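Step one of this worksheet: look at the structure below.
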Amino acid sequence: MNNKPEYIFETSWEICNKIGGIYTVLSTKAKSVVDKYNDNYILIGPDVWKETRQNPDFLEDTSLFADWKEKAAKEGLRVKTGRWNITGKPIVILLDFSYLFEQKDEILGKLWETHKLDSIHGGWDYFESVLFGYNAGEVIKSFTEFYLEPQQQVVAHFHEWMTGAGVLFLKNKAPQIGTAFTTHATVLGRSIAGNGLPLYSKIEEYDAHTTARNFGVISKNSLETIAAHEADAFTTVSGITGIECKQLLGKNPDVITTNGFEKDFVPKGKQFDTKRKAARKKAFETAQVITGKKYSDDTFLVISSGRYEYRNKGLDLFIEALGNLNRDKSIKREILAYITIPADHRGPANVFRGREKRNNYFTHKLNHPEHDPILHEIAKQGLNNSSEDKVHIIFVPAYLNGNDGVINLDYYDFLIGQDLSVFPSYYEPWGYTPLESIAFKIPTITTNVAGFGDWVSSNYKLETPSISVIER
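In structure tokens form, the structure reads like this:
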């Protein structure tokens, strides 16, 4: 019997919408899936850009599925079709689900009746996610009914609690469609760790409902838990997150799907050397504009990056370590550290527009610098970027997409120039950033409570100059 599905639909909030690691998960595996399924692999994401400006990730093709779209429009569905502007160019359907807002209470009521989904305590971010996932289920049902026979095998794969309502919709309205649900980080695990509490060492002491109530995430946890139980296949990305799932969701994952990515985008030979040289030049020039110091080619470049989760990503530890190095009189080599963490900013700092004196630290103007924990810790550690300091630090609060107005390189083209990357995460279900660093020949530091770090420790016992796994 051939169990290979004829169509795969994959739904995530990060399709053509770069936020964090799931974008990397999906964008870097797309070519491999397209090679096997061609245009029978369809990704579904939110139309967050709408008509405001052109989404650089999305190549619209109005001719795709034109006959179905006509029917879908009559059903009230609002979709755009096209391709993701990445290697493999997979087909994408983007959803404008804003029309469902006025049906919110009706939809939530149905999900309570069919699955006992507790939405009473949900906030706007919860409601928006439920409506997106629900709409994705509607679109998959409409598409398959139009093009396929009931006996044709289809799998619908949903990522993270934000899409879980799609699992519930299909279980009720199209049960012949196989469903898979992947959690890349549990709601409760992220909440526990983000509040500085011990997670894995005391995991068995946490009651899911009590913990969800204490952190105000009852509805999100309810959706994640029910989706995990209702999906035909439930997966997560690492063994340590599997431990969370068992205790906090009440279900062991059916499969651990460790992350990886295509390595085709890593430059080779002369191109690698050229890009590395350009990245180092950009790093030194950018820092010089901010600090006024000219950096030698021998300056040691170190980077930490990711989502702005101050404690979970170990940013406090990273900055503290830089402070300790700066106070260490035995350090002779100059160190230039970059923190590339997207934050709330309003464009390039005025120093890059020739309108302001140097600001000491950041490349882009933060909207609320007085409340920024990264800047607070930099000041606490006495990292002043003064001429006598051996350690200088630069904060880039923008996505490195090649068009941020200052660095103007994408993340990989900037990463390639570093000498070391540091990701001392306290909560990291997998952790693409150290894996990416190794791919670009940059030695990296991760932790034993990161999924990738745990995987390395479990499978590679030898000491290696490419990666160091520290205990947290």
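Take the sequence shown: its letters are residues 6 to 477, numbered as in our numbering.
Cβ coordinates follow ideal geometry from the N, Cα and C atoms, glycine included.
What you are looking at is a predicted structure, and each value in this text was computed from that prediction instead of being measured.
Query raised in the report: Hey, how far is the Cα of GLY328 from the Cα of ILE261?
Result: Here residue 328 refers to the residue found at position 323 when the sequence shown is read from its first residue. Here residue 261 refers to the residue found at position 256 when the sequence shown is read from its first residue. Distance between the alpha carbons of GLY328 and ILE261 is about 38 Å.
Requested in this report: Would you mind stating whether PHE239 and PRO258 have Cβ atoms separated by less than 8 Å?
Outcome: The count along the sequence shown starts at 1 and reaches residue 239 at position 234. The count along the sequence shown starts at 1 and reaches residue 258 at position 253. Against a cut-off of 8 Å, the Cβ pair of PRO258 and PHE239 comes out as a contact.
Query raised in the report: Do you know offhand how far ILE208's Cα is from LYS251's?
Result: The residue labelled residue 208 in the question sits at position 203 within the sequence shown. The residue labelled residue 251 in the question sits at position 246 within the sequence shown. Near 10 Å, if we compare the C-alpha coordinates of LYS251 and ILE208.
Query raised in the report: Alpha carbon to alpha carbon, what distance is there between LEU341 and ASP302?
Result: The residue labelled residue 302 in the question sits at position 297 within the sequence shown. The residue labelled residue 341 in the question sits at position 336 within the sequence shown. Spanning the two alpha carbons is a distance of roughly 11 Å.
Query - Where GLY106 falls, given that 16 or more other Cβ within 10 Å makes a residue buried - result: Taking the first residue of the sequence shown as 1, we reach residue 106 at position 101. Note on residue identity: the sequence assigns Phe, not Gly, to residue 106. That one is exposed.
Query raised in the report: What three-state label does DSSP hand MET6 in the structure shown?
Result: For the purposes of this step, residue 6 is taken as the residue at position 1 of the sequence shown. For MET6, the predicted structure reports a pLDDT of 49, less than 50, and the residue's modelled location is therefore unreliable. A value from the coordinates is still provided. The answer is coil: DSSP assigns MET6 none of H, G, I, E or B.
Report task. Spell out the partners DSSP gives ARG88 in its beta bridges. Result -> As a first step, residue 88 is located in the sequence shown; it is residue number 83 there, counting from the start. Partner(s): LEU64, ILE96.
Query - Contacts around GLU15, its chain only, beta-carbon distance under 6 Å, and the 5 residues preceding and following it disregarded - result: The sequence position of residue 15 within the sequence shown is 10, counting from 1. Excluding positions up to five away in sequence, the list reads LEU48, HIS162.
Query raised in the report: First and last residue of the alpha helix (DSSP H) that includes THR241?
Result: Walking along the sequence shown from the start, residue 241 turns up at place 236. Unbroken run through THR241 is the beta strand (DSSP E), 238-241; no alpha helix (DSSP H).
Query raised in the report: What is the DSSP secondary structure of GLU520, counted as helix, strand or coil?
Result: Absent from the model: residue 520. The displayed extent of the chain is 6 to 477, so no value can be given.
Query raised in the report: Among the residues of its own chain, which have a CB less than 7 Å from the CB of ASN372, if the five just before and after it don't count?
Result: Start at 1 with the first residue of the sequence shown, and residue 372 comes out as number 367. Excluding positions up to five away in sequence, the list reads ASP349, HIS350, ARG351.
Query raised in the report: Which of helix, strand or coil does DSSP assign to LYS395?
Result: Looking up residue 395 in the sequence shown gives position 390. In the structure shown, LYS395 sits in coil (DSSP, three-state: anything other than H, G, I, E or B).
Query - Cβ pair count under 8 Å reaching 3, the region 286-298 against the region 404-416 - result: yes
**Report entry** Close beta carbons around ALA185, own chain, < 8 Å, minus the five adjacent residues each side
**Finding:** Position 180 of the sequence shown, counted from the start, is the residue given in the question as residue 185. Only VAL160, ALA161, HIS162, PHE163, ALA236, ASP237, ALA238, PHE239, THR240 meet the Cβ criterion.
Requested in this report: For SER301, name the three-state secondary structure that DSSP assigns.
Outcome: The sequence position of residue 301 within the sequence shown is 296, counting from 1. In the structure shown, SER301 sits in coil (DSSP, three-state: anything other than H, G, I, E or B).
Report task. Starting from the Cα of PHE445, find the closest Cα among ASP459, LYS385, THR451, GLN423 and give me that residue. Result -> Translated into positions along the sequence shown, residue 445 becomes position 440. PHE445 has its Cα closest to that of GLN423, out of ASP459, LYS385, THR451, GLN423.
Query raised in the report: Helix or strand or just coil, what does DSSP make of VAL356?
Result: Sequence index remark: in the sequence shown, residue 356 carries index 351 (1-based). Helix.
Query raised in the report: What is the DSSP secondary structure of PHE457, counted as helix, strand or coil?
Result: Here residue 457 refers to the residue found at position 452 of the sequence shown. PHE457: helix per DSSP, three-state reduction.
Query - the region 224-235 contacting the region 121-133, beta-carbon criterion three pairs below 8 Å - result: yes
Requested in this report: Taking only runs that begin and end inside the region 273-323, name each unbroken beta strand (DSSP E) of 3 or more residues, in chain order.
Outcome: 305-310
Report task. Would you mind working out which of VAL454, LYS34, SER471 sits nearest PRO203, comparing C-alpha positions? Result -> Numbered from its first residue, the sequence shown carries residue 203 at position 198. Among VAL454, LYS34, SER471, the Cα nearest to that of PRO203 belongs to VAL454.
Query raised in the report: If you follow the alpha helix (DSSP H) that LYS115 is part of, which residue opens it and which one closes it?
Result: Here residue 115 refers to the residue found at position 110 of the sequence shown. From DSSP, the alpha helix (DSSP H) with LYS115 extends over 109-120.
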